[in-house]
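6 protein chains.
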Amino acid sequence: MATATRNKEKTQTDGFSIDTFSVDEKPFYVEVGNEVSLLETAYRNQIPVLLKGPTGCGKTRFVQYMSWKINHDSKSNLPLITVLCNDSIDEDYLQGRFLISGGFQDGPALVFAKNGGILYLDEINKARSDAHTVVYSLTDDRRYLSVPRLGKVFKVPDTGIVVASYNPGYHRKTQDLEQSMRQRFIALDFDYPPAKIEEDIIMHESGIDAENAHLLRKIAEKVRNLKEQGLEEGASTRLLSYAGKLIHDGIPAKDACRVSLLSPITDDKDARRGLEEVLKIFFP
Amino acid sequence: MATATRNKEKTQTDGFSIDTFSVDEKPFYVEVGNEVSLLETAYRNQIPVLLKGPTGCGKTRFVQYMSWKINHDSKSNLPLITVLCNDSIDEDYLQGRFLISGGFQDGPALVFAKNGGILYLDEINKARSDAHTVVYSLTDDRRYLSVPRLGKVFKVPDTGIVVASYNPGYHRKTQDLEQSMRQRFIALDFDYPPAKIEEDIIMHESGIDAENAHLLRKIAEKVRNLKEQGLEEGASTRLLSYAGKLIHDGIPAKDACRVSLLSPITDDKDARRGLEEVLKIFFP
Amino acid sequence: MATATRNKEKTQTDGFSIDTFSVDEKPFYVEVGNEVSLLETAYRNQIPVLLKGPTGCGKTRFVQYMSWKINHDSKSNLPLITVLCNDSIDEDYLQGRFLISGGFQDGPALVFAKNGGILYLDEINKARSDAHTVVYSLTDDRRYLSVPRLGKVFKVPDTGIVVASYNPGYHRKTQDLEQSMRQRFIALDFDYPPAKIEEDIIMHESGIDAENAHLLRKIAEKVRNLKEQGLEEGASTRLLSYAGKLIHDGIPAKDACRVSLLSPITDDKDARRGLEEVLKIFFP
Amino acid sequence: MATATRNKEKTQTDGFSIDTFSVDEKPFYVEVGNEVSLLETAYRNQIPVLLKGPTGCGKTRFVQYMSWKINHDSKSNLPLITVLCNDSIDEDYLQGRFLISGGFQDGPALVFAKNGGILYLDEINKARSDAHTVVYSLTDDRRYLSVPRLGKVFKVPDTGIVVASYNPGYHRKTQDLEQSMRQRFIALDFDYPPAKIEEDIIMHESGIDAENAHLLRKIAEKVRNLKEQGLEEGASTRLLSYAGKLIHDGIPAKDACRVSLLSPITDDKDARRGLEEVLKIFFP
Amino acid sequence: MATATRNKEKTQTDGFSIDTFSVDEKPFYVEVGNEVSLLETAYRNQIPVLLKGPTGCGKTRFVQYMSWKINHDSKSNLPLITVLCNDSIDEDYLQGRFLISGGFQDGPALVFAKNGGILYLDEINKARSDAHTVVYSLTDDRRYLSVPRLGKVFKVPDTGIVVASYNPGYHRKTQDLEQSMRQRFIALDFDYPPAKIEEDIIMHESGIDAENAHLLRKIAEKVRNLKEQGLEEGASTRLLSYAGKLIHDGIPAKDACRVSLLSPITDDKDARRGLEEVLKIFFP
Amino acid sequence: MATATRNKEKTQTDGFSIDTFSVDEKPFYVEVGNEVSLLETAYRNQIPVLLKGPTGCGKTRFVQYMSWKINHDSKSNLPLITVLCNDSIDEDYLQGRFLISGGFQDGPALVFAKNGGILYLDEINKARSDAHTVVYSLTDDRRYLSVPRLGKVFKVPDTGIVVASYNPGYHRKTQDLEQSMRQRFIALDFDYPPAKIEEDIIMHESGIDAENAHLLRKIAEKVRNLKEQGLEEGASTRLLSYAGKLIHDGIPAKDACRVSLLSPITDDKDARRGLEEVLKIFFP
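Note that the protein sequences, when read in sequence, are chains X, D, F, U, E and P.
Quick note on my numbering: the first sequence kicks off at 2 and runs consecutively.
Quick note on my numbering: the second sequence kicks off at 2 and runs consecutively.
Quick note on my numbering: the third sequence kicks off at 2 and runs consecutively.
Quick note on my numbering: the fourth sequence kicks off at 2 and runs consecutively.
Quick note on my numbering: the fifth sequence kicks off at 2 and runs consecutively.
Quick note on my numbering: the sixth sequence kicks off at 2 and runs consecutively.
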């Protein structure tokens, strides 16, 4: 599915109204390392960027932020076009289709090739092999999109960049990313934010105070350490915000932590027991 | 298949008549822990909720009850839209389709995005990967549904919440829920109800007296203990109600228990023998 | 394929002519245990029923008999609608389809939801997952069928019951029945009929005398005992009737037994040798 | 593919011209045991028959002969309808299809249900599961074919019999025949014909003299014995006739035997070496 | 894909213009054993022929030569119709299809059934199971093609023969040829041509002199011997001709041998090292 | 997807405008061995060429260069037609399709058969089996393309050559190239360029000075050596250019190397640790 953050309605030109896809309000994002300048440099040099990291650690938010920042700095209004990759997305989907009612509905890759901005391929390792061919031509040094149905080849403008993401932690072997795809990107490693930044995010997202944010973050730290002992994945910053919201709205902290930080992330009985032990430390 | 509890006929607007989907009569539901207040808080904070637990322990009934309660407390008439997830449900199914006869039939996700209420994704682990993309956008902090066929993006109203369920006990490895899906939900753990509550349910559903309800519940307890010894799943509250109905209608208790509590749940000869031993304890 | 026993032609209403599906002549069926009263009680209480047992032991005949008996006792004319489950039966098949020639052809589930009677799902373990969703809604305490193509929801009348069957003996692992399906049914265990009853059936079906029927049944007993020693499945009552018919029509008993009771049931050389040994006992 | 032996052109009634499908000339067939009377008795009693045996041992010829004999003895003209089962034959294929040009093309099962005769399901173990449902209804004691597209149910006439074949020797596990299918048939075991009969067949088919026919049969005997030592399948009677024809047309016997009896039946080097040893015995 | 060698344009009758498919110029082919007389005898006796042997050893050339020779000897103009078997070739493809523009496009099997000649099924082991049914009817002693879409059955003329090929050396287990298919053919074993003949072929194809041809053949001999030591397949005569052409056009012999005889046939490092050793012997 | 390097717009003839596909500007390519003269010789002798080598080592650039050189030397304007092989490319795709709007859209193989030039089959091992049939006929000594939909056979002009590529290093077993395909090509082995040449390329592509280019190449050397110790694939020349561009645009060298040379090529923790060790050597 191709989606985008919308802010205002404009005239539709071909199927989708592109202008509505830009990120107008500054998203809340706290820089952790040099990821902002790296993506800006890649953008200037038209180098595709791959974001690697666990679920819910802020990759998508970062892309939204960069979309906003690029537009803000360059006083432009370039779209952010998101494609959540999966088995049913093929070449036609990305390029576009003739409508039965007449006219041609531009696919997300064509919207990108016409307008520039960021084409964000979320969970790119789940894309079908024929979607790869579209990505290859866009990330080639020639940077074009061929649309046989229209009999045309589109050159990606210099203001366009392909960004992709995936989570190397738990995907299946069959979803491993091929070297011929990998080596078209530079890759930025993402992880959960450092303590102070993550607490700021939790406070901002849920409205709880610094003490509770600190407590939640400390619990998350313990939970994430269990990952070394067989837990598939640690609790994400998003789940910490959920817990914060529940606490802020009156749910006892222990209950909020159990339903937000423990129960969602595993069905394994041993792993769950380990998580309950963590909870006991903080709520004896 | 998307279904809903109907109570009265109204004018159809687009394919489905939404108003007919609300739960009008108070469903019989006995609260076990704090699940009601947790779901109400999640609803107020627009946090998606996952219900985890064995077959027939009351997850669906709980959702019906919450749909009724939310409407009752807020004097609203929001729909309960149920999607039983499986291999044949794709993006188009959830969004909607153009009809050959003209017009657009809203899919269950679009009905939800237009009207709010509860979108209940039963057995979400069986959903196809392209259905995931729809769920992702609905459970995102942006909470929207993009419908390319209509060239429109719909914002979910604040009165809408996504609830999903699955049974972690016996599903196949290939149907394991991915972390990127899991960590979009807080999760409530469900199990068979405590003794007293379960007996009340049995009496209410089947019409038998307290003594027989107690007997059935005691048998179920023994059966469920066998789960530790290789039985795939214990007898559900629903099966206990079936046994109660048969007894109430004249079937000898032993026969009713065999066809309701033993025969349905296993084909394994050893497991069956163990179950017959349980029966002998109560009907020597 | 949805099929039904027909006896007289009536006016067609929508695609299928429902009235032609009732069982008019009393089928030959000899009750073995309390299966008749159990199904009658289940029918009165609208509890779905699962018939478990080996090939050819009389499950289908039992359903035909019960269809006739319910109609006979209640002086009604309810249909028996049979669906032999397999990989190609999907939601649309069960609900119905618009015909190119115009009009809507009701699928077997819709015929059932409109008319009541027995919906017989033969070999339910072979049904596709999206057929499950139809079965779930019909066996739910809400008992309805949603037909999106018609934009309508149908309530199953109180005179309707879902009956399913399967053979737990030899089906493949991939065709195992899920607990969420199993626990919607009470289950009746079927097996080959007791000696006296089976001999009566053979005589009635084939026309041979009691002595030959006894002989055939004795051979079958030995054959069925080999099941413990690796034979996949014993000889069914149906095969015994075949042998009886051949004998009645002049084929020597030994030849009739070999082609009816030995050759069909196995290709395994060791198992076959065991079967030939059995034959030698009776025809030295 | 449904095929039939044709002898004369007649008026086409619905898609296929049925009358052209009967076997007019007496096929060359030498009875080995009591298979002729067994099939005649099964035909009179409407019992389906399964022919089990290795490739090219005469199963198909036997069916052609019986089709001719039944017509000859009863002075009728019933068709022989052959379906070579495979993955692409589904319910629609067997029942029939509406033609784009208008009209309905009867499928082979419908031709059978309308006209009787023999419906020959060759290699039935390779049929798809939804073809099974058609076979089940035809081999049921109710003997009917339901054709939903026509909204009609057809009763098979008393002059119709279902005959099926398969080779238990080498088919894959996934193509094993289910008990619920097997136990609808009596089964006749086929094997290569006895020495004298096989030599007669070779002479008749190829025109060579008795001495050469004897030689070929002796070689085949040795080759077939190797089956016990790992050869997948022995040389068929058909291959012996091929060798006979080549010899009759001037090819040296040793060369004819190599290309007809050795090279076709195996690629395995060890097995091939064993076969060459056999050849050396006869042509030192 | 069905293809044919064309030499002159003629009027098109039904989709394909058959006459254009005959082999007019005598192909270069050197007989190795008695394969020519064996195929001629099989042709006269209408026995299907299977060609077994490694890649590029001359099977296809042999078929072209025999097509030319049969036409030349009988002063006829029969087509050579080639079908390269694969997963996407089904019954319809072989029989033919109605065109949207009207008319019926004869498939290769129908072209053969109407015109005779050689139907060459290249790599027959890769054919789909429903293509088998077409082959079965053509190789049956009845030799016909049934085309249900036309409502007609076509008898193959006496001038038609089915020839098939496959490489027993390296195909996958799932592509093994079934006995019921194998035993419809006599089989001719092909291998690389004897030394003198192969050198003649190389000289003829590439234009190099006898010394170089001898050198290339000697290298190929060593390479083929490595097959016993794990190499999947030896260098084909075709690759030898490639090497010859490169040498003839100025490429140093060692380089020509490396790119023609070593690099194409393996990716395995050990096997490649062995091949390089071979090269060192001849170019120290 | 079929793509081509475009330089100027011309009139469209049939779907694609072929003239726009030629490479007009001389691509930057530095010859490593004798690959240029080998491909030129193959082109003159119409021998198909396979390029084998790791990701990003310059195979595609070489093809672009050769396309330009052949045109430049012969003063012609032959197209370069690229097909990135994958699961969704079938026979129809390669040959062409009738458009709903009327007319026939030539597929890339037909464009090649009509115009000559280079048909570049990138990652040929990923092509479907029915695409193979098209490649076979084009690489046959007959060199033709049969297009059944047009009822025509096209002869490839003498100015046409098929070039294919694949990476033998890491593709899956199921994507191994069959001998019958391999042995239609001569094969050129590609690897990362020698030190001096690679440094020139990096300087040319990124604008950095010789010292930095030397540093990057030295790091790549160490990284590539790790391939012997379990790393799937070394860093490509393309990734080195990415690193150069980032450094040139102000990113510290260590950061540029990490995101360009380390993070993209592996997710394996041990391999990553080894890569970080390499980085420490150069940036202690």
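Where a beta carbon is used, it is the ideal one built from N, C-alpha and C, also for glycine.
When Cβ-Cβ separations below 9 Å define contact, D:Val64 makes no contact with chain F. It is roughly 28 Å from the alpha-carbon of D:Leu100 to the alpha-carbon of F:Asn87. The region 241-250 of chain D makes contact with the region 212-221 of chain D; the number of CB pairs closer than 8 Å reaches 3 or more. Contact between the region 220-227 of chain U and the region 37-51 of chain U is absent, with fewer than three C-beta pairs closer than 8 Å. Looking at P:Ala244, P:Asp142, P:Asp159, the one whose alpha-carbon comes closest to that of E:Leu240 is P:Asp142. From the listed residues F:Glu179, F:Asp159, F:Asp269, the smallest Cα separation to F:Ala128 is found for F:Glu179. Here P:His133 is buried, its C-beta having at least 16 other C-beta atoms within 10 Å.
Rounded to whole angstroms, the gap between the alpha carbons of D:Tyr44 and D:Ile162 is 6 Å.
In the structure shown, F:Ala196 falls within a helical segment according to DSSP collapsed to helix, strand and coil. At least one C-beta of chain P is nearer than 9 Å to the C-beta of X:Arg45. Only buried fits X:Ala114, as 16 or more other CB atoms lie within 10 angstroms of its CB.
Every unbroken stretch of the beta strand (DSSP E) spanning 3 or more residues and falling wholly within the region 65-130 of chain X is given here in chain order: 81-85, 97-99, 105-107, 118-123. Contact between D:His205 and D:Phe29 is confirmed by a C-beta separation of about 6 Å, below the 8 Å threshold.
With the criterion set as a beta carbon lying under 8 Å from some beta carbon of chain P, the members of the region 24-37 of chain X are Asn35, in sequence order. Contact between P:Thr160 and P:Tyr121 does not hold, since their C-beta atoms are separated by about 15 Å, which reaches or exceeds 8 Å. By alpha-carbon distance to X:Phe155, the top candidate from X:Leu111, X:Tyr167, X:Leu85, X:Asp91 is X:Leu111.
Across the set E:Lys219, E:Arg274, E:Ile119, E:Pro55, the C-alpha of E:Ile119 shows the shortest separation from the C-alpha of E:Tyr66. At a cut-off of 9 Å between beta carbons, P:Gly275 makes no contact with chain E. Comparing alpha-carbon positions, the option among X:Tyr167, X:Gln96, X:Gly117, X:Ala196 lying closest to X:Gly152 turns out to be X:Gln96. Judged by DSSP secondary structure, P:Ala257 falls within the alpha helix (DSSP H) whose first and last residues are 254-258. Apart from sequence neighbours up to five positions away, the residues of its chain that approach P:Pro194 with a beta-carbon distance below 6 Å are Val33, ordered along the chain.
Listed along chain U are Gln180, Arg183, Gln184, each with a C-beta nearer than 8 Å to that of F:Ile266. Minimum Cα-Cα distance from D:Thr238 among the listed residues D:Leu217, D:Gly231, D:Ser23 corresponds to D:Leu217. Residues of the region 109-137 of chain P whose Cβ lies closer than 8 Å to any Cβ of chain E, in chain order: Arg129, Ser130, Asp131, His133, Thr134, Val135, Tyr137.
When DSSP reads this structure, X:Tyr145 sits in a beta bridge with X:Lys156. Taking the beta carbon of F:Ala188 as reference, the chain D residues within 7 Å of it are Val260, Ser264, Pro265, listed in sequence order. With a contact defined as Cβ atoms closer than 8 Å, F:Ser261 and U:Ile187 qualify at about 5 Å. Sixteen is the threshold: since fewer than 16 other Cβ atoms of the shown chains lie within 10 Å of the Cβ of F:Ile282, the residue is exposed.
Residues of chain D whose Cβ lies closer than 8 Å to the Cβ of F:Ile48 are, in chain order, Tyr243, Lys246, Leu247.
F:Leu81 has its alpha-carbon roughly 13 Å from the corresponding atom of F:Glu26.
Residues Arg218 of the same chain have their beta carbon placed closer than 7 Å to that of U:Ala196, with the five preceding and five following residues left out of the count. Here the C-alpha atom of E:Gly104 lies approximately 12 Å from the C-alpha atom of E:Arg150.
Listed in chain order, the positions of the region 206-235 of chain U with a beta carbon within less than 7 Å of a beta carbon of chain E are Glu233, Glu234.
Excluding five sequence positions before and after F:Ala254, the CB atoms of its chain that fall closer than 6 Å to its own CB belong to Ile248, given in chain order. Per the coordinates, the alpha-carbon of F:Thr61 lies some 15 Å from the alpha-carbon of U:Tyr145. Neighbours of D:Arg239 across chain F, judged by C-beta separation under 7 Å: Gln184.
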